[in-house]
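Please read the structure below before turning to the comments.
Protein chains: 2
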Amino acid sequence: MFEDRNKKKTEISELGEFGLIEHLTKNIKIENTSTIKGVGDDAAVIDNKNKQTLVSSDFLIEGVDFDLTYTPLKHLGYKAAIINFSDIIAMNGIPQQLIVNIAFSNRFTLQAIDEIYKGIFLACEKYNVDLVGGDTSTSVTGLILSMTVIGSADKEKITYRNTAKENNIICVTGDLGAAYMGLLLLEREKSVFEANSDMQPDLEGNDYILERFLKPEARLDIIETFKTLDILPTSMIDISDGLASEIIHLCKASDVGCNLYEEKIPIDQTAYNASMEYKINPTTSALNGGGDYEILFTIKQKDYEMLKHNPNITFIGYITEKASGINLITNGGGQVPITAQGWGKDK
Amino acid sequence: MFEDRNKKKTEISELGEFGLIEHLTKNIKIENTSTIKGVGDDAAVIDNKNKQTLVSSDFLIEGVDFDLTYTPLKHLGYKAAIINFSDIIAMNGIPQQLIVNIAFSNRFTLQAIDEIYKGIFLACEKYNVDLVGGDTSTSVTGLILSMTVIGSADKEKITYRNTAKENNIICVTGDLGAAYMGLLLLEREKSVFEANSDMQPDLEGNDYILERFLKPEARLDIIETFKTLDILPTSMIDISDGLASEIIHLCKASDVGCNLYEEKIPIDQTAYNASMEYKINPTTSALNGGGDYEILFTIKQKDYEMLKHNPNITFIGYITEKASGINLITNGGGQVPITAQGWGKDK
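These protein sequence lines map, in sequence, to chains V and G.
Residues 1 to 347 (my numbering) are what the first sequence spells out, left to right.
Residues 348 to 694 (my numbering) are what the second sequence spells out, left to right.
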């Protein structure tokens, strides 16, 4: 899992809890003026002026949310932070502070924990977020990460998921389904390796889908686009569990229906090819795969003109009245209700 | 673990993750005007006006931080929330919002999770805190709780641990060592029970120490006292790991020394008796026991007059220059350096 397997390994117990926290946090630099006090007291202190504070939290548990046999620790730390940043972005806010709770069993060395933190720090640096606190603990089995992110937004700009209106245009950033393909590829190579440990992983030509799974990014750029163009989306949610699940959340919360067009759903060619190879309809991968951390949002029709040439945004359908239901208009022209547990899984 | 063992047990899997979150959060009432949006979107939204935001987070892991053989689930939920509230109070702030991440294995039924939440809700109600979000997950083994609390304070009232000054008086709320005695009692009864399961636990007359361990309170009252009397402590920290560990944190952060008087350390009679029964010097229990969640703070000498008759506060020593060291003045008049790993453990 490490580049240099001969590096000295340090047992965490040599440091003690306070020594470990000191070790992990000693290089933190504060970047946000709103961070008054970070690590080192009972609580972090955050200044707020005229903004509103956004807070979100996520759990990542070894064996449930990630598999260390194919997840490099640095990527894990990076991804865990990104998942949290994405939740703040999905409210049209800017992530600013991060709190990391980490628990691990004695099979983890100091170098292993450092790798995770390297990933966390990298994400913090890239997204200009301050690590301001957290707790370390021992776990009976495996690694557990629990992160809380704090962000801010102007009161009138915060975008909820329950405010989509009939005739709004449904938009999505980037492309969908690739992260799931990356996961399937890694799962397949793991099975091959378990069956025959002499086999080397065959990951060639799959850089894109692997990166989408192992090192996703949060769409901070879209928040900047909205700001530059002075566009306020009518509703917004991030795609963590797959497009199907998220559009259902958004429609139910907003008490509306929708028509999504299968032909409009953005799927990268590499992901499309991988999906075909796995004999899964690529639309199904995009709808149910999850893990892409793209942003699903709705806009007023009048804002379409300003966004229509934006290469990062695809227009995939429109909001209807609730009674019409939550539908996919298939390439063949048919209409299929979208369900979260996987429309088309038996397709 | 439950009062009525014949209650119907529901498997969590019948609900699914979203059903579970809906079930757990359906009765939440928002109490703080600063809580703009709680559970139900990508992030909670908190309004801030002219206050500063305080944030703290803690991990509680089964088999490490608690033992379910003698911890009722409702108490566990209550205590987990209290531990977090205490961190905000220790900054001279008011806890206002709570985020709960919970993971559990399939040996936990819905009723078990409900019990934990009953305790969390009870604590939130008592301390006027809003539960505003969280994540649920599956754990491979046991129960894991990760909580983040958000509070607020006036900018000029926030009290850090690194601002104690020479000649300040060292104060502590309540009494110390009782929670540790409660833990020792429960550990002893567990051993007795494991050796002979016909034995009934002998907990009589120990209500106080058991309650101190199982259902501690956070000292919100002291924050109100400071406000009423217009007193600003010069430094403050909560006692989670024991007086010795906390006074060392406070002195090191403030770059000062101290003299603590053994005879002044407040120890409840029940805890004193229990400590003698366990053949542990009661001062050692108070210094190293931990888990009392009392508040350790320092004040200017001019503020002593206003607090001297307060029954909730004991004056246990004073701050000295750094070179004098961190010392205990023993009942015999001797001077012993205080160490975190337990001065007097071999006494």
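For every residue, glycine included, the Cβ atom is placed at its ideal position computed from N, Cα and C.
List the residues of chain G that threonine 33 of chain V touches, going by C-beta distances under 8 Å, in chain order.
-> Residue numbering aside, residue 33 of chain V sits at position 33 when the first sequence is read from its first letter. Within chain G, no residue has its beta carbon less than 8 Å from that of threonine 33 of chain V; the closest one is some 13 Å off.
Say whether the segment 156 to 170 of chain V touches the segment 131 to 140 of chain V, bearing in mind that this needs 3 or more beta-carbon pairs closer than 8 Å, one atom from each stretch.
-> The segment 156 to 170 of chain V makes no contact with the segment 131 to 140 of chain V: fewer than 3 CB pairs, one atom from each, lie closer than 8 Å.
Anticipated Cβ contact below 8 Å, threonine 53 of chain V with isoleucine 393 of chain G, distance rounded | As a working note, residue 53 of chain V is residue 53 in the first sequence. As a working note, residue 393 of chain G is residue 46 in the second sequence. Between threonine 53 of chain V and isoleucine 393 of chain G a beta carbon distance of about 4 Å is seen, short of the 8 Å cut, so the two are scored as contacting.
Could you give the uninterrupted runs of the alpha helix (DSSP H) lying entirely in the segment 359 to 432 of chain G, keeping only those of 4 residues or more?
-> Counting only runs that start and end inside the segment 359 to 432 of chain G, the alpha helix (DSSP H) elements of at least 4 residues fall at 363 to 372.
Residue closest to serine 499 of chain G, alpha-carbon to alpha-carbon, out of V/Tyr180, V/Lys49, V/Met306, V/Glu31 | On the second sequence, residue 499 of chain G is found 152 positions in, with the first residue counted as 1. Here the closest residue by C-alpha is V/Lys49.
Taking the DSSP output, what are the residues bridged to threonine 298 of chain V?
-> Here residue 298 of chain V is taken as the residue at index 298 of the first sequence, counted from 1. Residue pairing for threonine 298 of chain V: DSSP places it in a beta bridge opposite V/Ile170, V/Ser235.
In its own chain, which residues sit with a C-beta less than 6 Å from the C-beta of isoleucine 685 of chain G, not counting the 5 before and 5 after it?
-> Counting from one through the second sequence, the residue named residue 685 of chain G turns up at place 338. Contacts found: Ala591, Ile673, Leu675.
Write down the C-beta distance between leucine 469 of chain G and tyrosine 425 of chain G rounded to the nearest angstrom, noting that I regard them as a contact closer than 8 Å.
-> For the purposes of this step, residue 469 of chain G is taken as residue 122 along the second sequence, with counting starting at 1. For the purposes of this step, residue 425 of chain G is taken as residue 78 along the second sequence, with counting starting at 1. Indeed, because the Cβ distance is near 6 Å, the residues count as touching under 8 Å.
6 Å CB neighbourhood of leucine 143 of chain V in its chain, flanking five on each side removed | Position 143 of the first sequence holds residue 143 of chain V. Within its own chain, the residues whose Cβ lies closer than 6 Å to the Cβ of leucine 143 of chain V, once the five positions on either side in sequence are excluded, are Glu62, Phe104, listed in chain order.
Under three-state DSSP, which class holds alanine 153 of chain V?
-> The residue given as residue 153 of chain V occupies position 153 in the first sequence. Taken through DSSP and simplified to helix, strand or coil, alanine 153 of chain V comes out as strand.
In chain order, what residues of the same chain have a beta carbon less than 6 Å from the beta carbon of tyrosine 272 of chain V, not counting five sequence neighbours either side?
-> Start at 1 with the first residue of the first sequence, and residue 272 of chain V comes out as number 272. Closer than 6 Å at the Cβ level, and outside the excluded window around tyrosine 272 of chain V, lie Pro282.
Status (buried if at least 16 other CB within 10 Å, exposed otherwise) for proline 563 of chain G = Numbered from 1 along the second sequence, position 216 holds the residue referred to as residue 563 of chain G. Buried.
Got a sec? Which residues, its chain only, sit under 7 Å from glycine 242 of chain V by beta carbon, not counting five neighbours each side?
-> Start at 1 with the first residue of the first sequence, and residue 242 of chain V comes out as number 242. The answer, listed in chain order, is Leu287, Asn288, Gly289, Gly290.
Could you give the C-beta distance for leucine 185 of chain V and asparagine 206 of chain V, rounded to a whole number, given that I count them as a contact under 8 Å?
-> For the purposes of this step, residue 185 of chain V is taken as the residue at position 185 of the first sequence. For the purposes of this step, residue 206 of chain V is taken as the residue at position 206 of the first sequence. That pair is a contact at about 6 Å.
Contacts around valine 39 of chain V, its chain only, beta-carbon distance under 8 Å, and the 5 residues preceding and following it disregarded | As a working note, residue 39 of chain V is residue 39 in the first sequence. Excluding sequence neighbours, valine 39 of chain V sits near Ile21, Thr25, Ile28, Leu131, Val132, Gly133, Gly134.
State buried or exposed for arginine 454 of chain G, treating a residue as buried only when at least 16 other CB atoms are found within 10 Å of its CB.
-> Within the second sequence, residue 454 of chain G is the residue found at index 107, counting from 1. Label assigned to arginine 454 of chain G: exposed.
Reducing DSSP to helix, strand and coil, say where proline 337 of chain V ends up.
-> Taking the first residue of the first sequence as 1, we reach residue 337 of chain V at position 337. Secondary structure at proline 337 of chain V: strand, using DSSP grouped into helix, strand and coil.
Between the Cα of glutamate 305 of chain V and those of V/Phe297, V/Phe315, V/Leu296, spot the shortest distance and give me the residue it belongs to.
-> Indexing the first sequence from 1 puts residue 305 of chain V at position 305. Residue V/Phe315 is the option with its Cα nearest to glutamate 305 of chain V.
Could you check which residue in G/Ile584, G/Ala437, G/Asp639 has the C-alpha nearest to that of asparagine 555 of chain G?
-> The residue labelled residue 555 of chain G in the question sits at position 208 within the second sequence. At residue 555 of chain G the sequence reads tyrosine, which differs from the asparagine that was named. Per the Cα distances, G/Asp639.
Could you tell me if alanine 44 of chain V is buried or exposed, where buried requires 16 or more neighbouring beta carbons within 10 angstroms of its beta carbon?
-> For the purposes of this step, residue 44 of chain V is identified with residue 44 of the first sequence, where counting begins at 1. Label assigned to alanine 44 of chain V: buried.
Under the assumption that lysine 300 of chain V contacts glycine 257 of chain V (Cβ atoms under 8 Å), give the Cβ distance between them as a whole number of angstroms.
-> If you number the first sequence from 1, residue 300 of chain V lands on position 300. If you number the first sequence from 1, residue 257 of chain V lands on position 257. Between lysine 300 of chain V and glycine 257 of chain V the beta-carbon gap is near 18 Å, outside 8 Å, which marks them as no contact.
Starting from glutamine 96 of chain V, trace the beta strand (DSSP E) both ways and give me its first and last residue.
-> Within the first sequence, numbered from 1, the residue matching residue 96 of chain V stands at position 96. Element bounds for glutamine 96 of chain V: 94 to 104.
Compare the C-beta of isoleucine 467 of chain G against all C-beta atoms of chain V and say whether one is closer than 7 Å.
-> Counting from 1 along the second sequence, the entry for residue 467 of chain G is found at position 120. So no, isoleucine 467 of chain G is outside the interface.
For chain G, is any of its Cβ atoms less than 7 Å away from the one on leucine 184 of chain V?
-> Residue numbering aside, residue 184 of chain V sits at position 184 when the first sequence is read from its first letter. For leucine 184 of chain V, the answer is no, since every Cβ of chain G falls outside 7 Å of its Cβ.
What is the DSSP secondary structure of valine 192 of chain V, reduced to helix, strand or coil?
-> Walking along the first sequence from the start, residue 192 of chain V turns up at place 192. Helix at valine 192 of chain V.
Interface partners of methionine 91 of chain V on chain G, CB under 8 Å | Within the first sequence, residue 91 of chain V is the residue found at index 91, counting from 1. Proximity of chain G to methionine 91 of chain V at the Cβ level (cut-off 8 Å) is accounted for by Asp388, Asp389, Ala390, Val392, in chain order.
Select from G/Val496, G/Ile377, G/Phe413, G/Ala542 the residue whose C-alpha is nearest the C-alpha of threonine 405 of chain G.
-> Here the question's residue 405 of chain G lines up with position 58 in the second sequence. Checking the sequence, you will find aspartate at residue 405 of chain G rather than threonine. It is G/Val496 whose Cα lies nearest to the Cα of aspartate 405 of chain G.
Got a sec? Which residues, its chain only, sit under 7 Å from glycine 680 of chain G by beta carbon, not counting five neighbours each side?
-> Reading the second sequence from its first residue, position 333 is the one you call residue 680 of chain G. Same-chain partners within the cutoff: there are none.
Are the beta-carbon atoms belonging to threonine 173 of chain V and isoleucine 222 of chain V less than 7 Å from one another?
-> Here the question's residue 173 of chain V lines up with position 173 in the first sequence. Here the question's residue 222 of chain V lines up with position 222 in the first sequence. Their beta carbons are under 7 Å apart, which means threonine 173 of chain V touches isoleucine 222 of chain V by this criterion.
Where threonine 581 of chain G and lysine 51 of chain V are concerned, what is the direct C-alpha to C-alpha distance, given to the nearest angstrom?
-> By 1-based counting over the second sequence, the position of residue 581 of chain G is 234. By 1-based counting over the first sequence, the position of residue 51 of chain V is 51. Rounded to whole angstroms, threonine 581 of chain G to lysine 51 of chain V spans 30 Å at the Cα level.
Can you list, in chain order, the residues of the segment 407 to 418 of chain G whose Cβ is nearer than 9 Å to any Cβ on chain V?
-> The segment 407 to 418 of chain G vs chain V, Cβ under 9 Å: Leu407, Ile408, Glu409, Gly410, Val411, Asp412.
Could you tell me whether the Cβ of serine 360 of chain G comes closer than 7 Å to any Cβ of chain V?
-> For the purposes of this step, residue 360 of chain G is taken as the residue at position 13 of the second sequence. Between serine 360 of chain G and chain V, the shortest Cβ-Cβ separation is not below 7 Å.
Buried or exposed: which applies to leucine 250 of chain V, given that a residue is buried once 16 or more other Cβ atoms fall within 10 Å of its Cβ?
-> In the first sequence, the residue the question calls residue 250 of chain V occupies position 250. Classification for leucine 250 of chain V: buried.
Scan the segment 103 to 130 of chain V and note each continuous beta strand (DSSP E) run of 3 residues or more that stays entirely inside, going in chain order.
-> Counting whole runs of 3 or more residues, the segment 103 to 130 of chain V contains no beta strand (DSSP E) stretch at all.
Output, in chain order, the set of chain V residues within a Cβ distance shorter than 8 Å of threonine 488 of chain G.
-> Here residue 488 of chain G refers to the residue found at position 141 when the second sequence is read from its first residue. Under the 8 Å cutoff, chain V gives Val140, Thr141.
Three-state secondary structure assigned by DSSP to glycine 664 of chain G = Translated into the one-based positions of the second sequence, residue 664 of chain G becomes position 317. Judged by DSSP in its simplified three-state form, glycine 664 of chain G adopts strand.
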